[in-house]
Amino acid sequence: MKNQSIFIITRYSVITGGVQIGVGRSADEVKRILFSKERLDCRFALFSKIMAPSLISQKPCNANLHFVILTSDELPVEHREKLDAQLVEIEKKSSFKCTVIPMPAGSSLSKYINSFLDENLVGKINHAYATVRMDDDDGIASSYCARLCGYLERGIVGFPISFAYGFEGMFDEATEKFSNIRHWYKPKIALGLAFTNKYSNGKYLYPDKNIYSLGNHTRIDIKHPVIIDALAPAFIRTVSLHNDSGAFRYHDSLPKAQQGDIDFNEFPFLKCDLPAEVREDGSFIVAKAASSDAAQYKAEVKLLRAKIKN
Numbered sequence: 191m192k193n194q195s196i197f198i199i200t201r202y203s204v205i206t207g208g209v210q211i212g213v214g215r216s217a218d219e220v221k222r223i224l225f226s227k228e229r230l231d232c233r234f235a236l237f238s239k240i241m242a243p244s245l246i247s248q249k250p251c252n253a254n255l256h257f258v259i260l261t262s263d264e265l266p267v268e269h270r271e272k273l274d275a276q277l278v279e280i281e282k283k284s285s286f287k288c289t290v291i292p293m294p295a296g297s298s299l300s301k302y303i304n305s306f307l308d309e310n311l312v313g314k315i316n317h318a319y320a321t322v323r324m325d326d327d328d329g330i331a332s333s334y335c336a337r338l339c340g341y342l343e344r345g346i347v348g349f350p351i352s353f354a355y356g357f358e359g360m361f362d363e364a365t366e367k368f369s370n371i372r373h374w375y376k377p378k379i380a381l382g383l384a385f386t387n388k389y390s391n392g393k394y395l396y397p398d399k400n401i402y403s404l405g406n407h408t409r410i411d412i413k414h415p416v417i418i419d420a421l422a423p424a425f426i427r428t429v430s431l432h433n434d435s436g437a438f439r440y441h442d443s444l445p446k447a448q449q450g451d452i453d454f455n456e457f458p459f460l461k462c463d464l465p466a467e468v469r470e471d472g473s474f475i476v477a478k479a480a481s482s483d484a485a486q487y488k489a490e491v492k493l494l495r496a497k498i499k500n
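Below is the structure:
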């Protein structure tokens with residue numbers, strides 16, 4: 191048995207206070223939106239076409255792999271059955287052990303995650319592990335788990351690890367293809383954010399058992415020093431009609447991905463046509479370093495110029 195574990199944790203139509211669609215709405219209205227057939231069909235399509243294949247594509251690593259889904263205990267039966275069938279497929283084609291944890295509305299994520307960890311780590315000695323945040327419509331590079339496992343093998347525990355560089359693209363459900371893919375460098379992004387810890391004889395080395403215990407990902411460095419790893423693209427973030435994390439106002443101000451920018455061995459599930467344009471600045475490094483903050487300023491300047499012109 192391997193002495194490291196990686197737990198990728200995903201919220202799938204779970205009712206919590208942190209979901210963007212819940213802001214300013216009643217509980218009944220949130221449920222109506224969250225469980226609408228249109229939205230659930232879209233979420234499952236994204237999950238099955240992007241996230242699930244990205245898990246299946248993971249390269250071998252020296253860690254026990256777990257995929258944990260937190261979902262509402264009110265998720266319609268039809269969609270729960272589709273979800274369960276997809277998880278069976280993931281287990282057949284990968285090294286992941288999959289678990290679904292139903293949660294009542296308003297429940298504490300960390301409470302359920304910590305109970306799951308307690309049950310799965312019991313009896314282990316000096317066992318390094320990592321918990322990882324992932325949305326159900328995003329994907330990770332095939333080397334993600336191997337890169338994260340490298341930190342565990344070197345005994346680097348007690349740190350959040352932010353894989354800060356990846357891509358953001360628009361997904362068309364009809365064609366199942368991405369378009370308008372952009373480079374995105376965003377330290378402390380929630381997507382793929384991990385926290386490493388160690389368990390031994392019923393005790394955790396650090397009191398924060400899981401990544402969600404650290405609170406808001408944008409302020410995670412206030413609680414722990416953060417390791418920023420932007421050595422290679424680690425994720426693809428999806429822009430679609432049913433994103434739960436809010437608007438993507440600055441997407442078009444991020445640097446465009448062009449032919450040769452994406453290693454499709456790392457993203458074998460990513461179907462897209464990339465432009466063969468010459469990048470304005472001529473530098474891949476500059477494109478990689480462009481942050482969402484810079485994109486925000488660029489978008490705001492563009493808006494101001496349009497107002498002045500009119």
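One point on numbering: in our numbering, the residue at position 124 of the sequence shown is 314, and numbering is uninterrupted. C-beta: ideal position from N, C-alpha, C; glycine also.
Check whether the Cβ atoms of threonine 321 and isoleucine 401 sit closer than 8 Å, and answer yes or no. For threonine 321 and isoleucine 401, yes; Cβs fall inside 8 Å.
Measure the alpha-carbon distance for histidine 407 versus leucine 299 and round it to whole angstroms. Those two C-alpha atoms are separated by around 15 Å.
Does the stretch 243-254 come within contact of the stretch 322-337, defined as at least 3 CB pairs closer than 8 Å? Cβ pair count under 8 Å is three or more, so yes.
Where asparagine 387 sits in the DSSP three-state scheme: If DSSP states are grouped into helix, strand and coil, asparagine 387 belongs with the strands.
Buried versus exposed call for serine 195 [16 or more other C-beta atoms within 10 Å across all chains shown]: Buried, because 16 or more other Cβ atoms sit within 10 Å of the Cβ of serine 195.
Since I believe valine 267 is in contact with isoleucine 199 (beta carbons under 8 Å), could you give me their beta-carbon distance rounded to a whole number of angstroms? In fact, because the Cβ distance is near 24 Å, the residues do not count as touching under 8 Å.
Answer yes or no: do aspartate 326 and methionine 241 have a C-beta to C-beta separation smaller than 8 Å? Yes; because the gap between Cβ atoms is below 8 Å, this pair is in contact.
Taking the alpha carbon of glycine 329 as the point to measure from, which residue in Gln449, Asp463, Pro243, Ile223 has its own alpha carbon closest? That would be Pro243, whose Cα lies nearest to the Cα of glycine 329.
Hey, out of Glu456, Pro458, Phe454, Ala447, whose CA is closest to leucine 464's CA? Leucine 464 has its Cα closest to that of Ala447, out of Glu456, Pro458, Phe454, Ala447.
Here's the rule: buried if 16 or more other CB atoms are within 10 angstroms of the residue's CB, otherwise exposed. What is proline 421? Per the sequence presented here, residue 421 reads as leucine, with proline not at that position. Sixteen is the threshold: since fewer than 16 other Cβ atoms of the shown chains lie within 10 Å of the Cβ of leucine 421, the residue is exposed.
Starting from histidine 373, follow its DSSP beta bridges and name the residues at the other end. In the DSSP output, where bridge partners are listed per residue, histidine 373 has Phe357.
Quick one: complete alpha helix (DSSP H) runs, 4+ long, within the stretch 239-327? 242-246, 267-283, 299-311, all fully within the stretch 239-327.
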